[in-house]
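Below: the structure, in structure tokens.
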Amino acid sequence: MLDDATITTIADELARAEEERTTVPLLTARYPGMTVEDSYAVQNTWRRRGIDAGRRPVGRKIGLTSKVMQAATGITEPDYGAIFADMVFENGSVIEHSRFSNVRIEVELAFVLRDRLAGPHVTVFDVLRATEYVVPALEILSSRIEMAGRTIVDTISDNAAMGGMVYGGNPVAIGETDLRWVSALLYRNEAIEESGVAAAVLNHPATGVAWLANKLAQHDDALEPGEIILAGSFTRPVWVEPGDSVLADYRELGTVSCRFV
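Numbering (UniProt numbering) for the sequence shown: 1 to 261.
Quick look at the structure:
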């Protein structure tokens, strides 16, 4: 386990990288004994500072929940990160590409909670009962740590590579559609780059939310009413450059789009 001073040093370094839109060398190369719990301590230090600075927390993201994402990263277990209000964009937003680093897009479903979810022992059925509605979303990945050779320790410390999210389309209540069979086509500059089905996320996208509630319980935390939970990508990440437009077509759930400038 790393000491508090080292945790603070790493959090400072990542905060500067976020502000300056730069990347830092791999943490695991510099701190070989760093553990998953160390990395969550770094993330929580960064999150607390954001709150102290006036940023408003609005939810959480879950990452690495599908086999396709685990294969793309070489990481074999889920992780989570924080979402602040200034990370959330409306459908059709024009977004400054340079506010992020190593920019990629993922296709997801977002759960908006009506009730509190506190682990341990939260199930998929608990998640479904606690959810007010589900809505299509794009996650914007932004990596402040160099990409090659990253482990889950690097990724968690980097707020699970969370940069931002765009939400839109048609919100649906639980029971209005089979969430396992929600599918999407992801277009970049009018060409299809990826497609996927939400069951790729741990067999049901609500499974990731249950995992998150139970994981947070290990850190004396819980999911609160009104929070937005990005449940994990069911496509591989797609790289985007300045000038690119992105659109995900969720069929009956509508579309969500953005453009990077």
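Here a beta-carbon is modelled for each residue, glycine too, at the ideal position from N, C-alpha and C. This structure is a prediction, so every number in the text was calculated from the model and none was measured.
Would you identify the three-state DSSP class for residue i, choosing helix, strand or coil?
i	result
residue 103	coil
residue 157	helix
residue 208	helix
residue 129	helix
residue 235	coil
residue 124	helix
residue 168	coil
residue 163	strand
residue 174	coil
residue 252	helix
residue 110	strand
Is it right to say residue i is buried, meaning 16 or more other beta carbons lie within 10 angstroms of its own, or is it exposed?
i	result
residue 139	buried
residue 166	buried
residue 106	buried
residue 159	buried
residue 205	buried
residue 65	buried
residue 194	buried
residue 67	exposed
Locate the beta strand (DSSP E) running through residue i, then write down its first and last residues.
i	result
residue 79	79 to 84
residue 245	245 to 249
residue 188	183 to 188
residue 93	93 to 95
residue 229	228 to 230
residue 259	255 to 260
Please report the straight-line C-alpha distance between residue i and residue j, rounded to a whole angstrom.
i	j	result
residue 250	residue 218	34 Å
residue 261	residue 120	43 Å
residue 125	residue 117	11 Å
residue 155	residue 39	8 Å
residue 9	residue 161	19 Å
residue 134	residue 34	36 Å
residue 200	residue 24	32 Å
residue 175	residue 255	20 Å
residue 12	residue 19	11 Å
residue 172	residue 3	45 Å
residue 108	residue 31	33 Å
residue 169	residue 6	43 Å
residue 56	residue 223	15 Å
residue 248	residue 257	6 Å
residue 178	residue 79	25 Å
residue 144	residue 111	26 Å
residue 96	residue 151	28 Å
Along the alpha helix (DSSP H) that carries residue i, what are the first and last residues, could you check?
i	result
residue 15	4 to 20
residue 142	First-last for residue 142: undefined, no H or E at that position.
residue 50	36 to 52
**Request:** Pair every Cβ in the segment 233 to 243 with every Cβ in the segment 176 to 194, then say whether three or more of these pairs are closer than 8 Å.
**Result:** yes
**Message:** Count Cβ pairs between the segment 97 to 116 and the segment 75 to 85 that sit closer than 8 Å; are there 3 or more?
**Reply:** no
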